[in-house]
Amino acid sequence: MSTRLATGGRLLNKARAVAFNFNKTAMKGFEGDTLASALLANDQMLIGRSFKYHRPRGLVASGAEEPNGLVNMGQGGKFEPNQRVTTTELFDGLTAESQNHWPSLEFDVGAVNAKLSRFMPAGFYYKMFIHPRPLWKHVYEPIIRAAAGLGKAPKDLDADTYEHFYAFCDVLVIGAGVAGLQAAKSAASSGAKVLLLEQNAHLGGRAPVDGGQINDQSADEFITTITAELAAMENVTIRTRTMGSGVYDHGYVLGYERLTDHAPDLAGPRHRLWRIRAGHIVTATGAIERPLSFAGNDIPGVMLAGAVRDYAVNYGVSVGDRTVVVTNNDDAYRTAITLKHAGLDVPVILDARVLATDSALVAQAKALGIRVLMGHAISSVQGGKRVTGVSVCSQAGEGSVLEEITCDVVAMSGGWSPVVHLWSHCGGKLTWDDAQAHFRPDPTRAPTGDKGQAFVTCAGSANGEMGLAEIMTDADAAGKAAATAMGFKPKTEQAPSAVTVAEAAMMPVWLMPQGAGYKLRSKTWLDYQNDVKVSDVQLAAQEGFESVEHAKRYTTLGMATDQGKLSNINGLAILSDALNQPIPQTGTTTFRPPYTPISMGSIGGEARGHVFQPVRRTPMYDWHDENGADWEPVGQWRRPYAYVRDAETVHDAVMRETKNTREALGILDASTLGKLIVKGADAGKFLDMLYTNMMSTLKVGKCRYGLMCNENGFLSDDGVVARIDDDTFLCHTTTGGAETIHGHMEEWLQTEWWDWDVYVANVTEQYAQVAVVGPNARTALERLGGMDVSAESLGFMEWADGTLGGFDVRAYRISFSGELSYEIAVPASQGQAFWDALMAVGADLGAMPYGTECLHILRAEKGFIMIGDETDGTVIPQDLGLGWAISKKKEDYLGKRAQEREHMASSERWKLVGLETVDGSTLPDGAYAVGEGTNANGQRNMIGRVTSSYHSPNLNKGIAMGLVLHGPDRMGEVITFPGTDGKNYEAKIVSPIFYDPEGEKPNV
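Residues 749 to 1752 (this note's numbering) are what the sequence shown spells out, left to right.
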């Protein structure tokens, strides 16, 4: 049985006991335990059930690579599924429940799947669930959905908070084992700013467990010394419990810090997502031990030899009383020696190799009285919910049992693989190392930056160096190289001295025994979580899935939450053998971030609740609210729909505002309209590509209305562009389009026209903008005093800087209403004061604020389109009669080629027209017009739809705009629009310009 040892436990504070609960059973551990070590100390070998066959699962590893130890943890708002027990630090009151079983962990009905495994090999679902087809919806799909997933979805609102943090450094070192510590020191000694991340709570990695001397100090002493040196450097920042999650282009790295997981009662955020920009990155992420593939290697109690050693040394936990060690390399002998020194029984070491002479570690094990069988292997493991023994066979044979040995633990080691995930995230390539039988980084094919320079370096065992002396030398060189790459001059200090214990060469062993028959292979596991066996991978190859990516998806190998950290290399080797080709030819699957799962909360950061999408308010928001604003959401903004007075309905308010603006003076808060500054020598050329019409020919001081299309030719935004100077333009966008269009511009600048001299800034919130509209607009501005706003000084579609009423302003003579109109921009901080001054001078002129619905009616009376009303993502400018806004002078613009496609140029496209009901009523917005005949589905043919519909108080009738088949050619024709109220509306097709068709009013 597993239990707590009297000795060991270097990471524990045994003076402080910690109470926790697993599956409603009270247990105890110590401060410093992980949940995994505490469970083992309480003899909890069975941790969960596998996904497919619901086989019993125990711990395999001791770190982030653990595939089985996933639990539901916490309660209520603190509940979270799939928490890895090997990386969860124990704390008082921790509650955890095992996953993927019913009704209990010990008795799981789903285990019947294991009895049916011969009928459910890899890919069986592709063949079974398509016949007979009617069963999919009513039988197969409901069962699959009920079985899908691991753990339970949280039901309560997350009680924790999260945050994002931005950091910049010259050198980022990921991993703080002895290699990472030395790389950080050698880089920092040059003066470079260094950030060191370590995913665990303790620095030093495996060195204290494996032993060794560095600079004539024990590993523990060296770690203490170098940590103190780094802490004393002002240019070094060390963060523990922080994982390097992903490496991206241009030195961008995500870090994932667990701030209070180990102490939930601490105030502050639970997780922090680091967004790091590093000049150079050193990955000192270590190596992961590989399991061996033999029958029954998934039974609880079969563990990695290094993990057994970790639990004994770090946590003082004996995984079992009698441990059989099975290996193909010398490192596993360290586990046997450690266990023997702890007073535990190691009945035998089964070594697949046959060595001519004993290495130092083999000799040491034999000297301790441990029996060593060379050339031997495990035929199968005995036991169900825990190991009871092993059957021994010859590695060269087919599995004939030579001996049976009673034990409760099997410590296996198939060699070590460098952790190359971060190196590979951004394009780093790998090379196969025959001697170590693993993939290691190829320094000649590193991830490269914008100038072709390498920006990631691997160090230590992450670089394939497995000896302590080689690790320290490589790490020192990596740190100095990173500093040099950033322009610093490293100190000429020697790398720390260390001694590598000579080891015999390892022997690649991908299947044990090498001639195992189908009966054994069908019980030999590669992916513990997804229940992928050796026989499954061989079946995939047999059925033609020769690409490693195809085989991965066919079998689900490496697709579990551990992303194949333990299974991938063994699976690749089995696939290569089945295809009769070398492993490098088979290649690897794609490494994708994050390295281990990160919380959804950390991704969202502070963006939750009311902060998730903050309500944006203009500088005049409070005034609007106090004066009866009926609010409507427009994108993230809140804009007044209308200003409702006492005893008025919203409709009455809209009608009043619309008439007043035409007859006297309307004031609109237009601050929400997007304002993008586009600047640079190539700004004109850039805007020519974005807009359908020419902007490069626009003169300074002039404005031009422009249309913007996406690559598919569909209209995406419109607005007025003003030329500020030779190299500067101010582009107005729709309220909801500012951020989207800004991103659209940046995407093209960064991906296609990266060498153009253009910069874009979103200054929407820097200015308050007020539309002054109506016959009395000029009089009101003249009363403020200051700049000349006469027609002669400020013509239509012109702008000018000046002062009005003592305010610094930029005045635009533009109109979205068809009236004499100005838009006045002032600094946002002066927006309310300018509004107040304008309302004061306009009081006797009929000054009245108006909202968005009045705005819509005014523009509809003039036939002006509105993005989002007349457009829906399928409309092109030509549909709206805006061919005049498409330049014939330039060769290209975004969407031009798309608009030349047959469907886009078809005469059958619906075109914009005006619509007037025969009886003067208002058409239902969005109603469809019906034509003669039916379509292929027996439905009435549709010949058009209403895009905008309003009652116009100025015209005293309903007006509408719509898209109609052959619309401009059908003027005067009456068509029918069925309403949802059961009534048919008869409407005449007319010009979309209902008011002032000659366009005289804006030019007063």
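By construction, the Cβ of each residue, glycine as well, lies at the ideal position given by its N, Cα and C atoms.
It should be emphasised that the depicted structure is a prediction, and the values quoted were computed from it without experimental measurement.
Buried versus exposed, by CB contacts within 10 Å (16 or more), LYS1423:
With 16 or more other Cβ atoms within 10 Å, it is buried.
From this set, ASP1475, GLY1064, HIS1358, ARG1057, which residue's C-alpha is nearest TYR1081's C-alpha?
Taking only the C-alpha atoms, the option nearest TYR1081 is ARG1057.
Unbroken alpha helix (DSSP H) run spanning VAL860, endpoints
Unbroken alpha helix (DSSP H) run through VAL860: 860-863.
CA-CA distance, GLN1329 and PRO1195?
Cα to Cα, the separation comes out at about 28 Å.
Test item: CB-CB of MET1160 and PRO1039 under 7 Å
For the pair MET1160 and PRO1039, the CB atoms are nearer than the 7 Å cut-off.
Any idea if ALA1053 is buried or exposed, counting beta-carbon neighbours within 10 angstroms, 16 or more meaning buried?
That one is buried.
Residue span of the beta strand (DSSP E) that contains THR1154, given as start and end
Here the beta strand (DSSP E) through THR1154 covers 1151-1154.
Buried or exposed (CB count within 10 angstroms, at least 16 for buried), LEU1287:
With 16 or more Cβ atoms within 10 Å of its Cβ, LEU1287 is classed as buried.
For THR909 and ASP1013, what's the separation of their Cα atoms in angstroms?
Approximately 13 Å between the Cα atoms of the pair.
Sequence-distant residues of its chain with Cβ nearer than 7 Å to ASN771 (five each side left out)
Annotation for ASN771: GLU845, SER846, LEU853 place their beta carbon closer than 7 Å to its own, counting only its chain and skipping 5 residues before and after.
Whose CA, out of GLN1517, VAL1382, GLU1494, lies closest to the CA of THR1483?
Considering only GLN1517, VAL1382, GLU1494, the residue with the shortest C-alpha distance to THR1483 is VAL1382.
Helix, strand or coil for VAL1056 per DSSP?
Correct three-state label for VAL1056: helix.
Taking the alpha-carbon of ASN1408 as reference, which of TYR1598, TRP1171, PRO1726 has the nearest alpha-carbon?
Scanning TYR1598, TRP1171, PRO1726 for the CA closest to the CA of ASN1408 turns up TYR1598.
Buried or exposed for LEU1542, please, with buried defined as at least 16 other CB atoms from any protein chain shown within 10 angstroms of its CB.
By the 16-neighbour rule on beta-carbons within 10 angstroms, LEU1542 is buried.
Out of curiosity, what's the CA-to-CA distance linking ILE1024 and THR975?
Approximately 22 Å, taken between the alpha carbons.
In the structure shown, what three-state DSSP assignment does ASP1181 receive?
Assignment of ASP1181 by DSSP, reduced to helix, strand and coil, places it in the strand class.
Tell me the residue span of the alpha helix (DSSP H) that contains GLU813.
Element bounds for GLU813: n/a, residue is neither H nor E.
Three-state secondary structure assigned by DSSP to ALA1113
If DSSP states are grouped into helix, strand and coil, ALA1113 belongs with the helices.
Contact set for PRO1367: own chain, Cβ-Cβ below 6 Å, skip 5 residues either direction:
Within the same chain, Cβ atoms closer than 6 Å to the Cβ of PRO1367 are found at ALA1516, ALA1576, GLY1579, GLN1580, the five residues on either side in sequence being excluded.
When you compare the CB positions of ALA895 and ASP918, do they come within less than 7 Å of one another, or not?
In this structure, ASP918 does not lie closer than 7 Å to ALA895 by Cβ.
What would DSSP say about CYS1602, mapped onto helix, strand or coil?
Here CYS1602 sits in helix by DSSP.
Considering only residues of the same chain and omitting the five flanking positions on each side of ALA1441, which have a CB-CB separation below 6 Å?
A quick correction: the sequence has Asn, not Ala, at residue 1441. Answer for ASN1441: GLY1454, ALA1633, SER1635, listed in chain order.
Assigned exposure category for VAL942 - 16 Cβ within 10 Å defines buried:
The residue is buried, with at least 16 neighbouring Cβ atoms inside 10 Å.
Is the beta carbon of VAL1204 closer than 7 Å to that of ALA1029?
The sequence as given places Ile at residue 1029; Ala does not occur at that position. Cβ distance < 7 Å, so ILE1029 and VAL1204 count as in contact.
Which residues in the same chain as LEU1703 place their Cβ atom closer than 8 Å to its Cβ, once the five residues preceding and following it in sequence are excluded?
Cβ within range, chain order: GLU1609, PHE1742, TYR1743.
Collapsed DSSP secondary structure at PRO1740 in the structure displayed
Assigned with DSSP and collapsed to three states, PRO1740 falls in coil, not helix or strand.
Rank GLY1710, MET1403, HIS1480, GLY825 by C-alpha distance to the C-alpha of ASP904 and give the top, closest one.
Comparing Cα-Cα distances from ASP904 to each of GLY1710, MET1403, HIS1480, GLY825, the minimum goes to GLY825.
Keeping to the same chain, check which residues put their C-beta closer than 8 Å to that of TRP884; ignore five residues upstream and five downstream.
Within the same chain, PHE877, ILE878 come within 8 Å of TRP884 by CB-CB distance, once the 5 residues on both sides are set aside.
Contacting residues, own chain, Cβ-Cβ under 7 Å from SER1148 (five flanking each side not counted):
Closer than 7 Å at the Cβ level, and outside the excluded window around SER1148, lie CYS1141.
Among the candidates VAL1138, GLY1163, VAL1158, whose CA atom is the shortest distance from the CA of GLU1151?
Just measuring C-alpha positions, the residue of VAL1138, GLY1163, VAL1158 sitting nearest GLU1151 is VAL1138.
In the DSSP assignment, what residue or residues form a beta bridge with ASN1732?
Residue pairing from DSSP places ASN1732 in a beta bridge opposite PRO1726.
Could you compute how far the alpha carbon of GLY1414 sits from the alpha carbon of VAL1518?
Going from the Cα of GLY1414 to the Cα of VAL1518 covers about 10 Å.
Give the C-beta separation of GLN1184 and PHE799 to the nearest angstrom, bearing in mind that I take them to be a contact with Cβ-Cβ under 8 Å.
Contact doesn't hold; Cβ gap of about 31 Å is too wide.
CA-to-CA distance, GLU814 to ARG832, given in whole angstroms
Looking at the two C-alpha atoms, the distance is approximately 7 Å.
Given a cut-off of 7 Å on the beta-carbon distance, is the pair TRP1504 and ASP1417 in contact?
In this structure, the beta-carbon distance from TRP1504 to ASP1417 does not fall below 7 Å.
Under 7 Å between the Cβ atoms of ILE1047 and GLY1131?
Result yes, Cβ atoms of ILE1047 and GLY1131 sit closer than 7 Å.
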